[in-house]
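Residue numbers (the numbering used here): 82 to 383.
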């Protein structure tokens, strides 16, 4: 019996000797490299998690402090120079009076979109461009209305206001125009019922018929300057451009009344030029009327 138990014990020991042992170190170079890589990735993950924990703790500490809003732009530089330009008569002095003092104002504090919009609300200004030029310069460029006539209206307090008329019929009280320049412009005469107050009650609504007259005045100024300088008052009836009654009437020094059709201005001006070169017309100091509005026919009263 003892021998049998001893035999079984020897058999178990022999099988245990045959069981392979698991070495603690890799037996090959690739396995060693693989284990090193795993350790490196594990270490990197631990470092990242540690940094993330520190960052969150720091952000929580900053957020808990009542420091107010953070200005990432830094302190704004005060405006030291204004560069102003315009295609009209408005000057830098006018802008500075409109804009106000520069003291205490910085470029970054200015709402340039609002400044542009406010400038374009001025009747004399068509468009405005505003730019910041760092560190401390504000640049303004204006496009202005260009007057072609003057509309003189009485005011209740006495005297007159001279409203300027642009080529699109806009009416505005101009600033910066010299009396000498305005004296070169013909006057516009319209019935009082043709003038309507604007919605804000401060200005007048445009006279859109003027856009049909503007080409005649522009052509005369460029091609027949002697005629243009002699034109004093402009009036019109333009309810229907192709109605025989529609016309533009010019009162001048040489010819009391010159009547134009509201189309084909070049042809009509050429006929007027040839007619005034005729001896009978040249010797006259004053001519009563010339009507050019009937196609090729010209009616004149000496």
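From the three backbone atoms N, C-alpha and C, an ideal C-beta is built for every residue, glycine too.
(1) Leaving out five residues before and five after residue 363 in sequence, what residues of the same chain have Cβ atoms less than 8 Å from its Cβ?
(2) For residue 338 and residue 350, which I take to be in contact (beta-carbon distance under 8 Å), what is that distance rounded to the nearest angstrom?
(3) Given the structure, does residue 243 come close to the ligand FMN, in the sense that its CB is under 8 Å from one of the ligand's heavy atoms?
(4) Could you tell me the alpha carbon to alpha carbon distance between residue 316 and residue 241, rounded to whole angstroms?
(5) Work out the CA separation of residue 280 and residue 218 for me, nearest whole Å.
(6) Count Cβ pairs between the region 165 to 183 and the region 219 to 230 that sit closer than 8 Å; are there 3 or more?
(7) Is residue 367 helix, strand or coil by DSSP?
(8) Would residue 197 and residue 160 be called neighbours here (beta carbons separated by less than 9 Å)?
(9) Let me check understanding here. Comparing Cα to Cα, which of 307, 345, 249 lies closest to residue 335?
(10) Sort out for me which residues DSSP pairs residue 164 with in a bridge.
(11) Considering only residues of the same chain and omitting the five flanking positions on each side of residue 380, which have a CB-CB separation below 6 Å?
(12) Compute the Euclidean distance between the alpha carbons of residue 200 and residue 209, then round it to the nearest angstrom.
(13) Can you say whether residue 230 is buried or exposed, counting buried as having 16 or more other CB atoms within 10 angstroms of its CB?
(14) Starting from the C-beta of residue 319, find all residues in its chain whose C-beta is less than 7 Å away, skip the five residues before and the five after it, and write them out in chain order.
(15) Measure the C-alpha to C-alpha separation of residue 154 and residue 188 and round it to an integer number of angstroms.
(16) Roughly how many angstroms lie between the CA atoms of residue 374 and residue 237, to the nearest whole one?
(17) Considering only residues of the region 190 to 240, which uninterrupted beta strand (DSSP E) runs meet the minimum length of 3 residues and lie entirely inside it, listed in chain order?
(18) In or out: residue 182 buried (at least 16 other Cβ within 10 Å) or exposed?
(19) Across which residues does DSSP place residue 372 in a beta bridge pair?
(20) For the putative contact between residue 282 and residue 205, defined by C-beta atoms under 8 Å, what is the C-beta separation to the nearest angstrom?
(21) CB-CB under 7 Å to residue 347, same chain, minus the five flanking residues each way: which ones, in chain order?
(22) Excluding the 5 residues flanking residue 354 on each side, which residues of the same chain have their C-beta closer than 7 Å to its C-beta?
(23) How big is the Cα-Cα spacing for residue 152 and residue 136?
(24) Beta-carbon within less than 8 Å of residue 246's beta-carbon, same chain only, minus the 5 sequence neighbours each way: which residues are those?
(25) Enumerate, from N- to C-terminal direction, the unbroken alpha helix (DSSP H) stretches of 4 or more residues contained entirely within the region 256 to 326.
(26) Terminal residues of the continuous alpha helix (DSSP H) containing residue 352?
(27) For residue 170, which three-state DSSP category applies?
(28) At the level of alpha carbons, what is the spacing between residue 220 and residue 212?
Short version:
(1) Non-local beta-carbon contacts of residue 363 in its own chain, meaning distances under 8 Å to residues more than five positions away in sequence, involve 357 in chain order.
(2) Contact doesn't hold; Cβ gap of about 16 Å is too wide.
(3) With respect to the ligand FMN, the structure shown offers nothing to examine, as it has no ligands at all.
(4) Roughly 19 Å between the two C-alpha positions.
(5) Distance between residue 218 and residue 280, taken at the CA atoms: about 37 Å.
(6) Cβ pair count under 8 Å is three or more, so yes.
(7) Residue state, collapsed to three classes: coil.
(8) Against a cut-off of 9 Å, the Cβ pair of residue 160 and residue 197 comes out as no contact.
(9) Per the Cα distances, 307.
(10) Residue 164 has 220 as its beta-bridge partners, per DSSP.
(11) Excluding sequence neighbours, residue 380 sits near 372.
(12) Answer to the nearest angstrom: the Cα atoms are 7 Å apart.
(13) The residue is buried, with at least 16 neighbouring Cβ atoms inside 10 Å.
(14) Only 290, 293, 327, 343 meet the Cβ criterion.
(15) Unreliable positioning characterises residue 154 in this predicted model, as indicated by a pLDDT of 47, which lies under 50. The coordinate reading is nonetheless provided below. Residue 154 and residue 188 have their alpha carbons spaced roughly 12 Å apart.
(16) Computed Cα separation, rounded: 38 Å.
(17) Listed in chain order, they are 206 to 214, 218 to 225, 228 to 235.
(18) It is exposed - the Cβ of residue 182 has fewer than 16 other Cβ atoms within 10 Å.
(19) DSSP links residue 372 through a beta bridge to 340, 380.
(20) Contact flag wrong, Cβ pair sits at about 18 Å.
(21) The answer, listed in chain order, is 300.
(22) Beyond the five residues adjoining it in sequence on each side, residue 354 comes within less than 7 Å, by CB distance, of 305 in the same chain, given in chain order.
(23) Low local confidence applies: a pLDDT of 43 at residue 152 is under 50, so the model's placement there is unreliable, with the coordinate-based value given in what follows. Each residue's Cα considered, the two are about 22 Å apart.
(24) Answer for residue 246: 228, 229, 230, 231, 232, 252, 269, 288, 291, listed in chain order.
(25) With a minimum length of 4 residues, the continuous alpha helix (DSSP H) runs that stay inside the region 256 to 326 are 260 to 264, 291 to 304, 306 to 311.
(26) Unbroken alpha helix (DSSP H) run through residue 352: 346 to 358.
(27) Assigned with DSSP and collapsed to three states, residue 170 falls in coil, not helix or strand.
(28) Rounded to whole angstroms, residue 220 and residue 212 show a C-alpha spacing of 5 Å.
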